[in-house]
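Here's the structure, in structure tokens; my notes come after.
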Amino acid sequence: MSKREITFFLDDILEGIGAIEDYISGLSEEEFASDRKTFDAVIRNLEVIGEACSNIPDTLREQYARIPWRKIVGLRNVVIHHYFGVDPETVWFIITKQLPELREQIEKMRLTLKPPENE
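For the sequence shown, this note's numbering begins at 862 and goes up steadily by one.
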């Protein structure tokens, strides 16, 4: 896989995080849990983030071992296959406490993988 292809997946992750941040901006946990449209939009972006993470090669995942790749992909599988059992409180914790750290790590990764101009 080329650096360019990998950066597309990293961009998908960053875009998903950005969308989630926009959706929940100004909301309390209670407002989030009761707002079905926002909850659905957040879940959809968690699916995209998980799918993008599943496409990052293992060799690269090993270089960025601080990122919980398997957990992120696992979350994607849970929200797709067990959607009705997804707990809003757990999702809130993930999106408010864990996504900011993921953004930071992916941004660092993205900078180191900037593809050459001619690629």
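All C-beta atoms, glycine included, are put in the ideal place defined by N, C-alpha and C. Values in this document were obtained by computation on a predicted structure and should not be read as measured data.
### Query
Are at least three pairs of beta-carbons, each pair with one atom in the stretch 952-968 and one in the stretch 899-912, less than 8 Å apart?
yes
### Query
So what does DSSP say about residue 916, is it helix, strand or coil?
coil
### Option in 875, 898, 878 and 916 with minimal Cα separation from residue 866
916
### Task
Classify residue 862 as helix, strand or coil using the three-state DSSP reduction.
coil
#### Entry: Proximal residues to residue 912 (C-beta, below 7 Å), its chain only, five neighbours per side dropped
937
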